[in-house]
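In what follows, a single structure is set out as structure tokens and then discussed.
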Amino acid sequence: MPYDILLVDDNKEYRDEFRECFLDYNVIEASSAEEAIKILKKPNEIDLVILDERMPGKTGIEALGEIKKANPILSVIMLTGHGSEDTAMKALRGHADDYLRKSLPFGEIEQRIREIVESKKKPGVPDRGGVKDKIERMKYFALKNYHMNIHLNDLAVKLFLSPKYLSKLFKETTGMTFNQYKIGVKIEKAKELLESKDYNIYQVAEKVGYQNAESFIRVFERQTGFTPTEYRDYIKGAKEQRINKESVKGLQVRDKKSLYKKMRQQEGQLKETRKELKKIKPLAEIGEKTAFLTHEMRSPLGTIQAAIYNIKKKRKAKAIDNDIEKIEKLVSEADQLIDDTLAYAHTRKPRYKKVDINLLLDESIASLESMIRNKGISLIKRQSLPSQTYIEADPIQLKQIFVNIIKNACQAVAEKIGSIIIESGPKEEDFITIDFKDNGEGIEKKDLDRITKPFFTKKPKGTGLGLTLCNKIIKLHGGSLHINSVKGQGTTVSVILPTHAAV
Numbered sequence: 348m349p350y351d352i353l354l355v356d357d358n359k360e361y362r363d364e365f366r367e368c369f370l371d372y373n374v375i376e377a378s379s380a381e382e383a384i385k386i387l388k389k390p391n392e393i394d395l396v397i398l399d400e401r402m403p404g405k406t407g408i409e410a411l412g413e414i415k416k417a418n419p420i421l422s423v424i425m426l427t428g429h430g431s432e433d434t435a436m437k438a439l440r441g442h443a444d445d446y447l448r449k450s451l452p453f454g455e456i457e458q459r460i461r462e463i464v465e466s467k468k469k470p471g472v473p474d475r476g477g478v479k480d481k482i483e484r485m486k487y488f489a490l491k492n493y494h495m496n497i498h499l500n501d502l503a504v505k506l507f508l509s510p511k512y513l514s515k516l517f518k519e520t521t522g523m524t525f526n527q528y529k530i531g532v533k534i535e536k537a538k539e540l541l542e543s544k545d546y547n548i549y550q551v552a553e554k555v556g557y558q559n560a561e562s563f564i565r566v567f568e569r570q571t572g573f574t575p576t577e578y579r580d581y582i583k584g585a586k587e588q589r590i591n592k593e594s595v596k597g598l599q600v601r602d603k604k605s606l607y608k609k610m611r612q613q614e615g616q617l618k619e620t621r622k623e624l625k626k627i628k629p630l631a632e633i634g635e636k637t638a639f640l641t642h643e644m645r646s647p648l649g650t651i652q653a654a655i656y657n658i659k660k661k662r663k664a665k666a667i668d669n670d671i672e673k674i675e676k677l678v679s680e681a682d683q684l685i686d687d688t689l690a691y692a693h694t695r696k697p698r699y700k701k702v703d704i705n706l707l708l709d710e711s712i713a714s715l716e717s718m719i720r721n722k723g724i725s726l727i728k729r730q731s732l733p734s735q736t737y738i739e740a741d742p743i744q745l746k747q748i749f750v751n752i753i754k755n756a757c758q759a760v761a762e763k764i765g766s767i768i769i770e771s772g773p774k775e776e777d778f779i780t781i782d783f784k785d786n787g788e789g790i791e792k793k794d795l796d797r798i799t800k801p802f803f804t805k806k807p808k809g810t811g812l813g814l815t816l817c818n819k820i821i822k823l824h825g826g827s828l829h830i831n832s833v834k835g836q837g838t839t840v841s842v843i844l845p846t847h848a849a850v
């Protein structure tokens, strides 16, 4: 039978495009977290929930907590329009199966969804005479809804068969009633929960669909010969004898401790980022609305990406290819604008490592290889530094700086005759300098003092944040950025960096 996906998103256009992409799945829609939770409280065969992070009412993160509390084995993917580290960590702590940004190419989103859904190995579509398929579907229904008090009537409606006929069919095929099988599934799930120290007996009872703990205890003892407490004690004693298994489990626990330690460190860094945001005057009017605004901007981009993907799959003529390319380019530019705004608003402190500066320059150039080649630019790299020159810096932030400056140079020079020269060398004791020279159109003298100010740009589609961000990161490293330019002759951007971490 087809897989069931519950898509929870307040954007109807996005839901429409999503449904069109997954015509081979049964897509159930909800426009809010509250509506989704109501759907999930009823017996269902949902294989995957896809949650938008920001919606009216409850957020996706809040809904994730409720969904996983009610049904820990149900797969959930978080979709977001702003992609902050804070949201990613909350999704991770909430046990989301994945965390995807809406503005990703929709083909990537589709691939990840299909990977998760199709790993469920759902029984095939039952035909009217397929007894085996009907039995498998009944078993699957019991497994999916172990946390609820389900009845055969709920499934009979879906199969267009009478409950009496299904009950007879199940017993003749399996040798037990559907109710016995359902109880068996609940008890197996209860055993898994009892092996964890996270839940008491009352919580375990509730999680496997028993409102009355005493009833659960009686059923558990009748099925296993142990009370839940006796079973937990028995498992604990058996585990103490399995030294090898405990050693492996100990490693897993240590891995988890390491993960949560890392998450706590990131939380500390996020607090510092929030402090930085309050200090930024150009974004003061945005303040705490940054995440909301970026989500609202990226949400339509996600819909556009899905629409493009559907058009590509359906098109037969190539007449619309150019239009599609234009749309994709505009989406990419809009997404870059959002990225630049977020990067500036949330610039973190450097995470220092030993960095081979020449290798990092090579990697930065390589990442722009297609742009350089397509425009026919001559790029020359000269270095007076030893081949392996290490400095203490944040490699991710430095690469971001180098790529931004080289990209600006590529955009400034003319096609075929454009040239860029990158020179690196020692500046003075404990400092190095990297010069990026181009023979482009240059910058007017009156604009040189403003070129690193937030939101200043002469580009028709620029954000005015690229060099501002570069300057900010370089200063955080204890370095400096210098720009010399002559209108009509070209520009030299000099990056001066200390060889040791800034105190």
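When you line the sequence shown up against this note's numbering, it's residues 348 to 850, in that order.
We put the beta carbon where it would ideally sit given N, CA and C, even for glycine.
Could you tell me the distance, in whole angstroms, from the CA atom of residue i to the CA atom of residue j?
i: Met402; j: Asp357; result: 6 Å
i: Leu499; j: Gln527; result: 12 Å
i: Ile530; j: Ser514; result: 15 Å
i: Ile821; j: Gln735; result: 21 Å
i: Thr620; j: Thr574; result: Its pLDDT being 49, under 50, Thr620 is placed unreliably by the model, and the measurement read from it follows with that caveat. Roughly 51 Å between the two C-alpha positions.
i: Glu465; j: Asp796; result: 57 Å
i: Ile712; j: Glu360; result: 39 Å
i: Ile384; j: Ile456; result: 23 Å
i: Asp394; j: Gly404; result: 24 Å
i: Met523; j: Pro390; result: 22 Å
i: Ala759; j: Asn786; result: 8 Å
i: Tyr737; j: Asp703; result: 4 Å
i: Leu426; j: Glu376; result: 15 Å
i: Leu706; j: Phe365; result: 42 Å
i: Leu451; j: Ala417; result: 30 Å
i: Met485; j: Tyr656; result: 36 Å
i: Gly649; j: Asp399; result: 11 Å
i: Phe783; j: Pro845; result: 18 Å
i: Thr776; j: Ala849; result: What sits at residue 776 in the sequence shown is Glu, not Thr. Those two C-alpha atoms are separated by around 15 Å.
i: Lys659; j: Gly454; result: 10 Å
Looking only at C-alpha atoms, which of the options sits nearest to residue i?
i: Ile651; options: Leu354, Asp363, Val355 and Glu770; result: Asp363
i: His494; options: Ile704, Ser466, Leu353 and Glu392; result: Glu392
i: Lys834; options: Thr846, Glu788 and Ser379; result: Glu788
i: Gly825; options: Gln570, Leu745 and Arg720; result: Leu745
i: Ile463; options: Asp480, Gly454, Asp445 and Leu451; result: Asp445
i: Ala654; options: Pro349, Phe369, Val355 and Leu354; result: Phe369
i: Lys701; options: Glu739, Ser771, Ile685 and Asp682; result: Glu739
i: Ser543; options: Phe567, Ser422, Glu553 and Arg579; result: Arg579
i: Lys437; options: Ile830, Ile790 and Ala410; result: Ala410
i: Ile748; options: Tyr512, Leu828 and Leu726; result: Leu828
i: Leu715; options: Arg729, Lys754 and Thr694; result: Lys754
i: Val842; options: Leu708, Lys722, Lys792 and Glu791; result: Leu708
i: Arg729; options: Leu814, Ile781, Cys757 and Lys722; result: Ile781
i: Ser852; options: Asp480, Phe525, Asp371 and Ile408; result: This structure cannot settle anything about residue 852, because the visible part of the chain is limited to 348 through 850.
Under a three-way DSSP split, which group does residue i fall into?
i: Asn373; result: strand
i: Thr524; result: coil
i: Leu598; result: In this prediction, Leu598 has a pLDDT of 40, which is less than 50 and means its spatial position is unreliable; nothing more can be read from the coordinates.
i: Arg695; result: coil
i: Ser379; result: coil
i: Asp703; result: strand
i: Arg797; result: coil
i: Asn657; result: helix
i: Pro452; result: coil
i: Thr576; result: helix
i: Thr815; result: helix
i: Tyr350; result: coil
i: Ile790; result: coil
i: Gly649; result: helix
For residue i, is the classification buried or exposed, using 16 other Cβ atoms within 10 angstroms of its Cβ as the cut-off for buried?
i: Thr576; result: exposed
i: His847; result: exposed
i: Ile420; result: exposed
i: Ile767; result: buried
i: Tyr581; result: exposed
i: Asp741; result: buried
i: Asn818; result: buried
i: Ile743; result: exposed
i: Ala761; result: exposed
i: Arg448; result: buried
i: Tyr512; result: exposed
i: Ser731; result: exposed
i: Ile798; result: buried
Is the CB of residue i under 8 Å away from at least one CB in chain B?
i: Asn500; result: Protein chain content of the structure displayed is limited to a single chain, and chain B is not contained in it.
Kindly examine the ligand COA and report whether one of its heavy atoms sits closer than 7 Å to the Cβ of residue i.
i: Val423; result: Looking at this structure, you won't find the ligand COA or any other ligand, since it has none at all.
Every unbroken beta strand (DSSP E) inside the region 739-788 [3 residues or more]: 766-775 and 778-785
Contiguous alpha helix (DSSP H) assignments of at least 4 residues, all confined to the region 387-445: 407-417 and 432-440
Within the region 477-561, ranges of the beta strand (DSSP E) (whole runs, at least 3 residues): none
Sequence ranges, beta strand (DSSP E) only - wholly within the region 708-734, length at least 3: 725-730
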